[in-house]
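I have placed the structure first, in the form of structure tokens, so that the comments after it can refer back to it.
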Amino acid sequence: MRLADWITEKMGGEGTPATDKGRANKREWQHIKAYFAPKRDQTRQGQRFQLDDCRTWMRLMFWSAREEGLDKFPMFWNWFLEFISFYIDIYQMTAPPYVKRDAAWSIKKDNIEKYLSDNKLMRDIIGVGPLPEDFPQG
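In terms of numbering that gives the first Met the number 0, the sequence shown opens at residue 0 and continues consecutively.
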């Protein structure tokens with residue numbers, strides 16, 4: 000609910016639910032807690048989010064949004080992609096070029112089935128850094 004309140008507040012027009020619940024400016028603390036989460040790979044505990052962390056989060060975020068039917072509203076969906084692109088850059092500056100690709104990931108049921116059968120790991124992106132073709136020169 001914290002994330003939903005924050006997104007609602009950033010969208011504007013629906014009040015200030017995050018602020019009203021005393022959550023304003025607490026995002027940083029929540030992310031520090033996530034860096035040290037017990038379920039996080041021990042070799043990565045305490046580290047800032049890397050590209051594969053951000054891409055995994057984006058895929059899960061877009062999948063959950065699709066399950067709620069939010070992709071059926073083009074104006075919202077386009078805004079949501081831009082919103083995620085803007086804020087994911089704060090955590091990993093190489094992540095924004097992957098927003099549309101990772102939003103499309105959840106369209107294919109095979110991707111979701113593979114994720115679930117792989118013990119909820121996205122092996123296709125774990126440890127994969129930014130690809131040169133995703134950052135054209137010029």
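Every residue, glycine too, gets a C-beta built ideally from N, C-alpha and C.
Classified as buried, R54 has 16 or more neighbouring CB atoms from the shown chains inside 10 Å of its CB. Under the three-state reduction of DSSP, P16 is assigned to helix. In this structure the segment 70-79 does not lie against the segment 116-132, because fewer than three pairs of beta carbons, one per stretch, are closer than 8 Å. Straight-line measurement puts the Cα of P131 at about 16 Å from the Cα of D51. If you compare the alpha carbons of L2, M74, E66 with that of K107, the shortest gap goes to E66.
Scanning its chain for C-beta atoms nearer than 8 Å, with the 5 sequence neighbours on each side dropped, one finds around Q46 the residues Y34, in chain order.
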